[in-house]
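Residue numbers (this note's numbering), protein chains in the order written: chain A, 2 to 344; chain B, 311 to 522.
For glycine and all other residues, C-beta sits at the position ideal for the given N, C-alpha and C.
To start, the structure under review is shown below, and the notes come after it.
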Amino acid sequence: MLIKIAKPGDLRESDVTPESVYLSRRRFMGGLAGLGLSAGAGLALSGRALAAASDYQDVPAGNPPGWLEPKLANAEWESVVPADRQLDKLTPFDDATHYNNFYEFGTGKGDPARNADALKTQPWSVVIDGEVNNGGRFDLEDLAKPSRLQERIYRLRCVEAWSMVIPWLGIPLGDVIKRAEPTSKAKYVKFETLVAPEQMPGQDSSFALIDWPYTEGLRMDEAMHPLAILGLGMYGRELPNQNGAPFRLVVPWKYGFKSIKSIVRISLVEEQPVNSWQAIAPDEYGFYANVNPEVDHPRWSQATERRLPNSLFNPNIIDTRMFNGYAEEVASLYQGMDLRKNF
Amino acid sequence: MPTPRYTLTLWRIAVFIAALVPLAWWSSQVAINAAGPEPGRYLLLNIGQGILWMLFSTLSLTPLTKLTRWKGFTLIRRQLGLWTLTYALLHLFCYAVFILGLDLSRLGSEIVRRPYIIVGMLALVGLIAMGVTSNKWSMRKLGKRWKTLHKIVYLVLGLGLLHFLWVVRADLEQWSLYAAVGALLMILRIPPIARQLPKFRQLIKRPGRASV
């Protein structure tokens, strides 16, 4: 088995393109938009491109690794969007990047934005192991290469009863799993976050209840579901460190803590893994953690959520939807299951 | 040497202003949009910690008086106790308005169903009981029982820390600091230790003798 690990200094395909020829996505889109406007035509492509580019005007330019740049330029924009875009308006980038639960960087919502700069995301390799025929250690670039980036605008419902709407850029998790060639014994997928206390101050806290690495898991059919993606970017750019750079899970019908960040290991396993929150408080957090307004967290109600940003004059409380509004797509996965027991 | 009257008055005003500073600071953060996307929760959590600061300040007055014999510490006891109550009422207000959206039926069901909220409400009831009996009339009326009644402050401290502990999700560092301060203030009240405090006063006054 050949395992190719690219060194940071290695030349990549994208490096071959002369800089003068390579146009960044934004400049390209800008050109298209200008073209569309001057022609006065409603070309589907330019209209679409214009929408995607103008949505993110307030987003600071990212600094994506060389291999990700062409992928971003070539993304399939708005591949999944909310049905009601007025109700599910995009959360401002500033809020989505400064209000995070990422305990590796501290327990305060602002800690990740403050501390995540120290995280080194390049180079990044991921181990795929367990019940697979094609496992090994992969450079993230190679793992992502065969799949086209898709933009998925998903609702994000935190178990703490607040929610946001985030435009992710990612690749189907199922693609990556398929390429690893799982054996018939692979029943679950287990994910682990990086352990690096020198970069992640939260892992240095002797009062932390989480037993690092942060661990999450999905049942095989959940992982293969087309809505489950591995996120590489958001708001038209690469992921900021505090949002789980360089790549993370996004499972929109489950509470946010299932969408594990900064993944370094994906294991196909036979037994149901114990996820970190379940390990800390099994009566409060289960393995499935599907968004469910009828099953309360023991300490608070899950019937409603606070859609952020809100204000003192409008707490913006809305009803929480079954499977976070993705019931039509995912309810069949749980047919016949007692969701009160399997919370 | 007794402190002049006007100094004591200034001292009480200074304490009053100091107790307002955190509230002013948090409000200004909200006003300039620096409190994040959920300003109500920001106020709720910060004021929650503020309750403990006020409670700790109140509970530090007895040991400080024993240490220094300064009258000024006794003079601000009622004020700080009432600040603790004020912060606690603001905390409940934030919860009812910003988290429950003033859905009063939910307030009722949450109070009954969630242990940490039950504990928090019990602590608040204790603070209210002390607050309404903090006037001179109640002190006269209650006589000896007044002191007994106001011993619930220790219960309030325990309930408050328990309420805080049950809110913690994944890291006990901050809570441990608060619990340690609370424990220290309790330890200073254990009679054999409390009796030592005035001796330190001699040490502070005459450092020369301390080295002998």
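Closer than 8 Å to chain A by CB, residue i
i        : result
B:Tyr426 : yes
B:Ser486 : yes
B:Pro508 : no
B:Arg315 : no
B:Pro349 : yes
Contact belief for residue i with residue j at Cβ below 8 Å, rounded distance in angstroms
i        : j        : result
B:Ile361 : B:Tyr397 : 4 Å
B:Leu531 : B:Leu434 : Because chain B is modelled from 311 through 522, residue 531 of chain B falls outside the range shown and cannot be assessed.
A:Val166 : A:Leu250 : The Cβ separation is near 18 Å, so there is no contact.
A:Trp254 : A:Phe324 : 4 Å
A:Ala181 : A:Val133 : 4 Å
A:Lys327 : A:Leu228 : The sequence as given places Tyr at residue 327 of chain A; Lys does not occur at that position. Contact holds; Cβ gap of about 6 Å.
A:Leu120 : A:Gln204 : Contact flag wrong, Cβ pair sits at about 11 Å.
B:Ala328 : B:Met364 : With a Cβ gap of about 10 Å, B:Ala328 and B:Met364 do not count as contacting.
A:Ala114 : A:Gln243 : 5 Å
A:Ile154 : A:Glu79  : 7 Å
A:Ala209 : B:Asp481 : 5 Å
B:Val463 : B:Met440 : 7 Å
Within-8 Å CB hit, residue i to chain B
i        : result
A:Thr108 : yes
A:Ser302 : yes
A:Asp96  : yes
A:Ile154 : no
A:Arg86  : no
A:Tyr335 : no
A:His99  : yes
A:Arg289 : Sequence inspection shows Tyr at residue 289 of chain A; the Arg mentioned does not correspond to that position. No, A:Tyr289 lies away from the interface with chain B (no Cβ there is under 8 Å from its Cβ).
A:Arg341 : no
A:Ile281 : yes
A:Tyr236 : no
A:Arg307 : yes
A:Gly257 : no
A:Tyr215 : no
A:Gly111 : yes
A:Tyr57  : no
Nonlocal neighbours in the same chain, by C-beta distance under 6 Å from residue i, ignoring five residues either side
i        : result
A:Lys188 : Met221 and Glu271
A:Lys195 : Lys is not the amino acid found at residue 195 of chain A; the sequence shown has Leu there. Cβ neighbours of A:Leu195 beyond the five flanking positions: Ser263 and Val265.
A:Gly234 : Leu170 and Leu240
B:His473 : Tyr426, Val429 and Gly430
Burial state of residue i (16 or more Cβ within 10 Å)
i        : result
B:Ile323 : exposed
B:Ala539 : This structure does not reach residue 539 of chain B, given that chain B is present from 311 up to 522, and the question cannot be answered.
B:Val331 : exposed
A:Val292 : buried
A:Trp169 : buried
B:Arg505 : exposed
A:Gln303 : buried
B:Ile357 : buried
A:Ala162 : buried
A:Tyr215 : buried
B:Arg455 : exposed
B:Pro349 : buried
B:Ile342 : exposed
A:Trp125 : buried
B:Thr394 : buried
A:Ser277 : buried
A:Asn135 : exposed
B:Asn445 : exposed
A:Asn102 : buried
A:Ala145 : buried
B:Tyr316 : exposed
Cβ neighbours of residue i in the same chain (closer than 7 Å, five flanking residues each side left out)
i        : result
A:Asn317 : Arg307, Arg308 and Asn311
B:Met431 : Ile421
A:Pro65  : Leu73, Arg238 and Glu239
B:Gly346 : Tyr352
B:Gln389 : Arg322, Val325 and Phe326
B:Arg416 : Leu410
Sequence-distant residues of its chain with Cβ nearer than 8 Å to residue i (five each side left out)
i        : result
A:Lys259 : Glu217, Leu219, Leu250, Val252, Asn276 and Ala290
B:Leu392 : Gly441 and Ser444
Mind checking the stretch 407–439 of chain B against chain A and listing, in chain order, the residues whose C-beta falls within less than 9 Å of any C-beta there? Answer set for the stretch 407–439 of chain B: Val407, Phe408, Ile409, Leu410, Gly411, Leu412, Asp413, Arg416, Ser419, Glu420, Arg423, Arg424, Pro425, Tyr426 and Ile427.
Interface positions of the stretch 185–212 of chain A facing chain B (Cβ-Cβ less than 9 Å), listed along the chain: Within the stretch 185–212 of chain A, the qualifying residues are Gly203, Ser206, Ser207, Phe208, Ala209, Leu210 and Ile211.
At a CB distance below 7 Å, what residues from the stretch 311–333 of chain A approach chain B? Give them in sequence order. Within the stretch 311–333 of chain A, Asn311, Ser312, Leu313, Pro316 and Ile318 place their CB atoms closer than 7 Å to a CB of chain B, listed in sequence order.
Listed from N- to C-terminal order along the chain, which residues in the stretch 471–504 of chain B have their beta-carbon within a distance smaller than 9 Å of any beta-carbon of chain A? If the cut-off is 9 Å between Cβ atoms, the stretch 471–504 of chain B has Trp476, Val477, Val478, Arg479, Ala480, Asp481, Leu482, Glu483, Gln484, Trp485 and Ser486 near chain A.
Residues of the stretch 333–358 of chain B whose Cβ lies closer than 7 Å to any Cβ of chain A, in chain order: Those would be Val340, Gly346, Pro347, Glu348, Pro349 and Gly350, in chain order.
Taking beta-carbon pairs under 7 Å, can you tell me which members of the stretch 158–169 of chain A lie near chain B? Cβ contacts with chain B come from Trp163.
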